[in-house]
Amino acid sequence: VLAPDGSELASWKGNGNGHYGMFIEAIQAGTNKSLNSEVESAGYSSDLAHVSNIAYKVGKAMPHQAVMEQFGHDDDLKESIGRYGTIRKDNGVDADVKWTYGSKLTFDNKKAQFVGEGAEAANPLMTREYRKGFEVTEEV
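Quick note: the sequence shown, position 78, residue 84 per the numbering used here, numbers continuous.
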């Protein structure tokens, strides 16, 4: 992790193989003993990151105060966003820089797609066109 001036704030050292290397190692060994977590748990974690990124992409930029207003009476969220605003300020981020407020989306696990408000913009981001020979079929 680097500070705005480029100095190192923190670093982590792994076994050198990284997540992909550990996954390949586990497949080759026929066991999950070398993994840091169960594959299902890792799948949920990556799904959360992808869904969050989609919400961000279909969100809109707005000033900090407008973001705060989106949370209504949810004091926990307001407090969390307020802390983040303080961190930005303490690290020299201009207060006038707009925040991107991710859209509130509803995901239907059974259908594996977004439903309701925002779904029309979000669902196309769930996949992409794949190169010939690397297509992902509708049913796996």
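Note that CB positions come from ideal geometry on N, CA and C, so glycine has one too.
**Prompt:** Would DSSP call Y62 helix, strand or coil?
**Reply:** In the sequence shown, the residue the question calls residue 62 occupies position 56. In the structure shown, Y62 sits in a helix (DSSP, three-state: H, G or I).
**Asked** Count the other CB atoms within 10 Å of the CB of A61; is the residue buried (16 or more) or exposed (fewer)?
**Response** Taking the sequence shown and counting its residues from 1, one reaches residue 61 at position 55. Counting the other Cβ atoms within 10 Å of the Cβ of A61 gives 16 or more, which makes it buried.
**Asked** Which residues bound the beta strand (DSSP E) around T92?
**Response** Against the sequence shown, residue 92 aligns to sequence position 86. Annotation: T92 is outside any beta strand (DSSP E); the continuous alpha helix (DSSP H) that includes it extends over D81 to D96.
**Asked** Quick one, which of G78, A35, Q119 and H70 has its alpha-carbon nearest G91's?
**Response** For this step, residue 91 is matched to residue 85 along the sequence shown. For the set G78, A35, Q119 and H70, the Cα lying nearest the Cα of G91 is the one of H70.
**Asked** Could you give the distance in angstroms between the alpha-carbon of V57 and the alpha-carbon of S40?
**Response** Mapped onto the sequence shown, residue 57 falls at position 51. Mapped onto the sequence shown, residue 40 falls at position 34. Approximately 28 Å, taken between the alpha carbons.
**Asked** Can you tell me whether L111 is buried or exposed, with buried defined as 16 or more other CB within 10 angstroms of its CB?
**Response** In the sequence shown, the residue the question calls residue 111 occupies position 105. For L111, the number of other beta carbons within 10 angstroms of its own is at least 16, and it is reported as buried.
**Asked** Using CA coordinates, which residue listed in G108, S109, P130 and Y107 is at the minimum distance from A118?
**Response** The count along the sequence shown starts at 1 and reaches residue 118 at position 112. Ranking G108, S109, P130 and Y107 by CA distance to the CA of A118 puts P130 first.
**Request:** List the endpoints of the continuous beta strand (DSSP E) containing Y26.
**Result:** Your numbering for residue 26 matches position 20 in the sequence shown. First-last for Y26: G24 to A35, but that is the alpha helix (DSSP H), not the beta strand (DSSP E).
**Asked** Does the beta-carbon of F140 have 16 or more other beta-carbons within 10 angstroms, so that it is buried, or is it exposed?
**Response** The sequence position of residue 140 within the sequence shown is 134, counting from 1. When all chains shown are included, F140 counts as exposed.
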